[in-house]
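The next block holds one structure in the form of structure tokens; read it before the comments.
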Amino acid sequence: MEEMEEELKCPVCGSFYREPIILPCSHNLCQACARNILVQTPESESPQSRRASGSGVSDYDYLDLDKMSLYSEADSGYGSYGGFASAPTTPCQKSPNGVRVFPPAMPPPATHLSPALAPVPRNSCITCPQCHRSLILDDRGLRGFPKNRVLEGVIDRYQQSKAAALKCQLCEKAPKEATVMCEQCDVFYCDPCRLRCHPPRGPLAKHRLVPPAQGRVSRRLSPRKVSTCTDHELENHSMYCVQCKMPVCYQCLEEGKHSSHEVKALGAMWKLHKVVRDQISHCTVKLRQTTGLMEYCLEVIKENDPSGFLQISDALIRRVHLTEDQWGKGTLTPRMTTDFDLSLDNSPLLQSIHQLDFVQVKASSPVPATPILQLEECCTHNNSATLSWKQPPLSTVPAEGYILELDDGSGGQFREVYVGKETMCTVDGLHFNSTYNARVKAFNKTGVSPYSKTLVLQTSEVAWFAFDPGSAHSDIIFSNDNLTVTCSSYDDRVVLGKTGFSKGVHYWELTIDRYDNHPDPAFGVARMDVMKDVMLGKDDKAWAITEGGITKGATIGVLLDLNRKTLTFFINDEQQGPIAFDNVEGLFFPAVSLNRNVQVTLHTGLPVPDFYSSRASIA
Numbered sequence: 010m011e012e013m014e015e016e017l018k019c020p021v022c023g024s025f026y027r028e029p030i031i032l033p034c035s036h037n038l039c040q041a042c043a044r045n046i047l048v049q050t051p052e053s054e055s056p057q058s059r060r061a062s063g064s065g066v067s068d069y070d071y072l073d074l075d076k077m078s079l080y081s082e083a084d085s086g087y088g089s090y091g092g093f094a095s096a097p098t099t100p101c102q103k104s105p106n107g108v109r110v111f112p113p114a115m116p117p118p119a120t121h122l123s124p125a126l127a128p129v130p131r132n133s134c135i136t137c138p139q140c141h142r143s144l145i146l147d148d149r150g151l152r153g154f155p156k157n158r159v160l161e162g163v164i165d166r167y168q169q170s171k172a173a174a175l176k177c178q179l180c181e182k183a184p185k186e187a188t189v190m191c192e193q194c195d196v197f198y199c200d201p202c203r204l205r206c207h208p209p210r211g212p213l214a215k216h217r218l219v220p221p222a223q224g225r226v227s228r229r230l231s232p233r234k235v236s237t238c239t240d241h242e243l244e245n246h247s248m249y250c251v252q253c254k255m256p257v258c259y260q261c262l263e264e265g266k267h268s269s270h271e272v273k274a275l276g277a278m279w280k281l282h283k284v285v286r287d288q289i290s291h292c293t294v295k296l297r298q299t300t301g302l303m304e305y306c307l308e309v310i311k312e313n314d315p316s317g318f319l320q321i322s323d324a325l326i327r328r329v330h331l332t333e334d335q336w337g338k339g340t341l342t343p344r345m346t347t348d349f350d351l352s353l354d355n356s357p358l359l360q361s362i363h364q365l366d367f368v369q370v371k372a373s374s375p376v377p378a379t380p381i382l383q384l385e386e387c388c389t390h391n392n393s394a395t396l397s398w399k400q401p402p403l404s405t406v407p408a409e410g411y412i413l414e415l416d417d418g419s420g421g422q423f424r425e426v427y428v429g430k431e432t433m434c435t436v437d438g439l440h441f442n443s444t445y446n447a448r449v450k451a452f453n454k455t456g457v458s459p460y461s462k463t464l465v466l467q468t469s470e471v472a473w474f475a476f477d478p479g480s481a482h483s484d485i486i487f488s489n490d491n492l493t494v495t496c497s498s499y500d501d502r503v504v505l506g507k508t509g510f511s512k513g514v515h516y517w518e519l520t521i522d523r524y525d526n527h528p529d530p531a532f533g534v535a536r537m538d539v540m541k542d543v544m545l546g547k548d549d550k551a552w553a554i555t556e557g558g559i560t561k562g563a564t565i566g567v568l569l570d571l572n573r574k575t576l577t578f579f580i581n582d583e584q585q586g587p588i589a590f591d592n593v594e595g596l597f598f599p600a601v602s603l604n605r606n607v608q609v610t611l612h613t614g615l616p617v618p619d620f621y622s623s624r625a626s627i628a
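Numbering follows the numbering used here, with no gaps: position 114 of the sequence shown is 123.
Rendered as structure tokens:
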């Protein structure tokens, strides 16, 4: 029954099965081991969906980001960079019996429930470590797999028979359990019999005592015998006659018929002909596995549990047919012929040697010195910041590049905004009326320098901007440094401001320079992708006022409070009703729609009206 032992061991933990369950692929697992190799995956990552989509497992890709690009259309933050990073793939591990297990076995979560009743994460996946088939568990989890009661019974009988075999061989009545085995005496002893019959003194002191399980294995192993020559009994075989194809001794070479034959070292020829031994080893392993399967089948036949037997009978029949097919498909076919020559191709090695490039490496290469921020050249304009730096005058270590970092304007963590060789950088898209901290460091092949001193930058309290020709409709006509606009078409056309807002309180005004034939201009805010050939507010990308006291010479005020998420309109310093829009959130640009009968001029850099500031502070 010893050949059957591998059939009774779990492929994950390498020990005898404990509470085995049967997978749909007919293989068995310990219930605890099955829980340890569960994987929780989203629907799109399940094995079925991967097979359906035809996608395979591949290495993670990483974006090669261009950190020189710093332009940002919004003031919601400066240019930031991120990659598609992921945890490196964890390689699969090997269980104690050599089967690859994926994922690696993890300790089970702490729970007061039994492994069968402990909750299983939703959409869990289990992969058989033997055939690598995967399946998604249903709501029952591991309870959906049947228990292999027949296998539990076979393991119990096997362990009982194994324990019974390792008994003391010198006990006269009831044999006790053996504790050691003497390799020289080839006898199993319990402790009393060892002290009485095998005392550790005299000649017996040199005997080697091993544990019983190790002694069982050593009994099956026989030492290699030394082969002697048939013609010269006192001489051992040491050479191999190539012509006669037989081992010979030194005396055969000096006196016998092999004296003129070509001979080679016996050990070298043994290695050359080791293919036969490898073939025998392969067949022996296959035979041992098949014998173990046969013994396991015989033990299953002895089982008196009809339902348990019928539960695994089909799986056993399939395994027997599969094993039979494997024997018939080349198990005994030689893997290679015995007539072969071994050769060593050293051309790749020689090519690599010729390609070696030796360079002199300095004992220690220093890092660059700390850069110095040039305060006279650092400044802010509107919501942009320009920074300049240089290496110390007496620095002798060149820098290969610099890394500029800014925080988020609210005292948060620093983030890289520039990596390159230049010593000046302008960062656009910062928040208005915000305080930023900036610092820079240098780097070369050895490492990076310490950070420079931190520079505090204050962006403009109010926004100065003009209309944007780049995003406007082609019918819009610009003048007065892009502060005044009109239109060449009788249809309404949209033009946006050049600066967008996503934080803070902002106020700007527009004056009506021309107003003919009662047109319907609209004033408000819009997103960048607003429709440019219809009246402002006709789609869901704009919020505007279109009527109410608008005449030539009128002044329209727009108040965008992104702290309170509101939009309010004024005409000639009078608020037009309550708050026009609330829950306004995102990135917005000042916007106007008009036709050829209207001309407006934009006024920016204005403070928030006093009455609104006092009301906001009270709220």
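Each residue gets a CB set at the ideal place from its N, CA and C atoms; glycine is no exception.
Determine the closest residue to residue i out of the options, with distance taken between C-alpha atoms.
i           : options            : result
residue 593 : 577, 256, 330, 210 : 577
residue 521 : 605, 242, 29, 481  : 605
residue 473 : 210, 200, 616      : 616
residue 453 : 528, 408, 463      : 408
residue 194 : 272, 183, 215      : 215
residue 197 : 208, 183, 471, 221 : 221
residue 555 : 332, 462, 527      : 527
residue 458 : 378, 15, 389       : 378
residue 26  : 157, 136, 427, 33  : 157
residue 159 : 566, 598, 308      : 308
residue 463 : 382, 574, 272, 353 : 382
residue 508 : 598, 272, 387      : 598
residue 263 : 314, 244, 328      : 244
residue 298 : 607, 329, 539, 481 : 329
Using three-state DSSP, classify residue i as helix, strand or coil.
i           : result
residue 567 : strand
residue 191 : strand
residue 553 : strand
residue 146 : coil
residue 125 : Here the model assigns residue 125 a pLDDT of 47, short of 50, so the residue's position is not dependable, and the following value carries that caveat. Of the three classes helix, strand and coil, the one that applies to residue 125 here is coil, per DSSP.
residue 176 : strand
residue 45  : helix
residue 588 : coil
residue 603 : strand
residue 278 : helix
residue 230 : With a pLDDT of 48 at residue 230, under the threshold of 50, the modelled position of this residue cannot be trusted; read the value that follows with caution. Note: residue 230 maps to coil in three-state DSSP.
residue 102 : Here residue 102 scores only 47 on pLDDT, less than 50, and its place in the model should not be relied on; the value that follows carries that caveat. The answer is strand: DSSP assigns residue 102 an E or B state.
residue 427 : strand
residue 544 : coil
residue 299 : helix
residue 28  : coil
residue 476 : strand
residue 377 : coil
residue 167 : helix
residue 321 : helix
residue 361 : helix
I believe residue i touches residue j by the beta-carbon criterion, under 8 angstroms. Please report the beta-carbon distance rounded to the nearest angstrom.
i           : j           : result
residue 535 : residue 466 : Rounded, the Cβ-Cβ distance is 30 angstroms, inconsistent with contact.
residue 516 : residue 560 : About 22 angstroms separates the two Cβ atoms, so there is no contact after all.
residue 656 : residue 494 : The question about residue 656 has no answer here: the residues shown for the chain are numbered 10 through 628.
residue 13  : residue 317 : With 8 angstroms as the limit, residue 13 and residue 317 do not qualify as a contact, their Cβ atoms being about 18 angstroms apart.
residue 451 : residue 400 : 7 angstroms
residue 151 : residue 30  : 7 angstroms
residue 212 : residue 320 : Actually they are not in contact, since the Cβ atoms of residue 212 and residue 320 sit about 58 angstroms apart, beyond 8 angstroms.
residue 137 : residue 145 : About 13 angstroms; that fails the 8 angstroms criterion.
residue 421 : residue 445 : The pair is not a contact, with the Cβ atoms about 10 angstroms apart (cut-off 8 angstroms).
residue 203 : residue 189 : 6 angstroms
Identify the residues that DSSP records as bridge partners of residue i: which are they?
i           : result
residue 272 : 250
residue 410 : 452
residue 8   : Since the first and last residues shown for the chain are 10 and 628, residue 8 lies out of range.
residue 436 : 394
residue 152 : DSSP lists no partner for residue 152.
residue 535 : 551, 598
residue 583 : 580
residue 245 : 237
residue 519 : 565, 611
residue 255 : 250
Determine whether the Cβ of residue i lies closer than 7 angstroms to any Cβ atom of chain D.
i           : result
residue 133 : The chain labelled as chain D is not found in the depicted structure, where only one protein chain is given.
Are at least three pairs of beta-carbons, each pair with one atom in the stretch 411 to 419 and one in the stretch 471 to 488, less than 8 angstroms apart? No, the stretch 411 to 419 is not in contact with the stretch 471 to 488.
Do the stretch 433 to 441 and the stretch 387 to 406 meet, that is, are 3 or more Cβ pairs less than 8 angstroms apart? Enough Cβ pairs lie closer than 8 angstroms, so yes.
Determine, using beta-carbon pairs with one atom in the stretch 252 to 270 and one in the stretch 237 to 244, whether at least three such pairs fall under 8 angstroms. Yes, they touch.
Do the stretch 175 to 183 and the stretch 34 to 48 touch if we need at least three Cβ pairs shorter than 8 angstroms? Counting Cβ pairs under 8 angstroms, fewer than three are found: no touch.
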